[in-house]
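**Q**
2 protein chains.
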Amino acid sequence: MDAVLVVKLSSFMKPTQLSGVFKDYQLRSTPVREEILEILIRKEMALSLADLKPHLSGASDRATVYRTLKTFLDKGIIHRVPDGGNTKYAVSGRSGLSTRDGHEHVHFKCAQCGLTRCLEGVRIPEVRLPEGYAPREANLLVEGLCQTCSRAVTTLAAV
Amino acid sequence: MDAVLVVKLSSFMKPTQLSGVFKDYQLRSTPVREEILEILIRKEMALSLADLKPHLSGASDRATVYRTLKTFLDKGIIHRVPDGGNTKYAVSGRSGLSTRDGHEHVHFKCAQCGLTRCLEGVRIPEVRLPEGYAPREANLLVEGLCQTCSRAVTTLAAV
DNA sequence: TTGTTTTTGCAACTGTGTTGCAAAAACAAA
DNA sequence: TTTGTTTTTGCAACACAGTTGCAAAAACAA
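In the order they appear, the protein sequences are chains A and B. For the first sequence, position 13 (counting from the first letter as 1) is numbered 13 according to the working numbering, and the numbering increases by one without interruption. Numbers in the working numbering are just positions in the second sequence, counted from 1, shifted up by 1000.
#1: Look up K109(A) in the DSSP assignment and give the residues it is bridged to.
#2: Near M45(A), which residues of its chain fall below 7 angstroms by C-beta distance, leaving aside the five closest residues on each side in sequence?
#3: Where does E1044(B) fall in DSSP's three states?
#4: Give me the subset of the stretch 1129-1158 of chain B whose CB atoms are less than 7 angstroms from a CB atom of chain A, sorted by chain position.
#5: Quick check: E126(A) and E1143(B), are their CB atoms within less than 8 angstroms of each other?
#6: Cβ of G84(A) less than 8 angstroms from any chain B Cβ?
#7: Excluding the five sequence neighbours on either side, which residues of its own chain have a C-beta within less than 6 angstroms of the C-beta of T148(A), listed in chain order?
#8: So, is the C-beta of F1108(B) closer than 8 angstroms to a C-beta in chain A?
#9: Check whether the stretch 1057-1072 of chain B and the stretch 71-87 of chain A touch, using three or more Cβ-Cβ pairs below 8 angstroms as the test.
#10: Measure the alpha-carbon distance for R151(A) versus K43(A) and round it to whole angstroms.
#11: Determine, using beta carbons only, whether A1063(B) and I1078(B) come nearer to each other than 8 angstroms.
#12: What does A111(A) reach in chain B if we use C-beta pairs closer than 9 angstroms?
#13: Which of the three DSSP states, helix, strand or coil, is assigned to V122(A)?
#14: Can you tell me where the alpha helix (DSSP H) with Y1066(B) in it begins and where it stops?
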């Protein structure tokens, strides 16, 4: 499954293409930016500042990672994924860097493993707001057990 | 509107009744607890630890407020309202202390004034999750302009 | 290659969340 | 009402996310 994703990605966006992406966004191409963007593209889950750190090869400064994410955020390359705990980030569908659609999707946070995933294909249903409320953005966070963890529970119960 | 709420409340839960509430929950009745609970009941919005502070008469310690909220949370008296920033808290419908229903409701965070409100009557629509996902809790946060702020914008534009 | 502009790393500070511990308060029983 | 026990509070302290200023280093355009 991970392999599939990697293949999908490599044929979709080669490392060398990333610098082109930065040019499009009028950002200088740097090792840190390339690496962070690549990780965010490759991972299928939303990552926080702290989540990101262990994936980085060179021990880049916290502030740098922070500013990089902020920059990506400003440019619309990534979006915030509020998941109750620390803010997490995921590549925006709109950016063209993700194979996901650009619609607001549902995020699922597993109470067991703690991972937060964007659920592909699941969209936030229309919500009827009271008169006068002007919605701009919506975020639906569902918490519970993810596929992997709920399977583990079922298996355990069967023993 | 605020007045209506106050009236609704005073006829619904008098200060002296609060100590009874604590007994029900096997909690000792203390000034801090009574005050915090009363504020949470009276306010129609979710409050964070910091939001709560200026409403407290005696300058109670941050740790005390924190532990009080945690205790209320454990007992199910209040619930967390994730709103992107700091965690906020609101009285649970289930507790019987709120006139709201006990269903999971939608929260609206205003980008202008920053207030987060529980939208009464608006429920989270059913979401169809992929096979294997076991939902336990859902939180829908809509961001945009609230009634008051969007009205202000409209008025301003008309000038 | 060079001069300019942007990014990085370091240090430092704010604010939230969290815990240990002894003093103070609440409560149950006498 | 007083007393002994249990819980809560306030203080101090720490961890960590978020954030910023500043000078050195890197990226880039000419």
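From the three backbone atoms N, C-alpha and C, an ideal C-beta is built for every residue, glycine too.
**A** The short version:
#1: T116(A) and E143(A)
#2: L115, T116 and R117
#3: coil
#4: L1129, P1130, G1132, Y1133, A1134, P1135, R1136, E1137, A1138, N1139, L1140, L1141, V1142, E1143, G1144, L1145, C1146, Q1147, S1150 and R1151
#5: no
#6: yes
#7: none
#8: yes
#9: no
#10: 22 angstroms
#11: no
#12: R1136 and E1137
#13: strand
#14: R1062 to K1075
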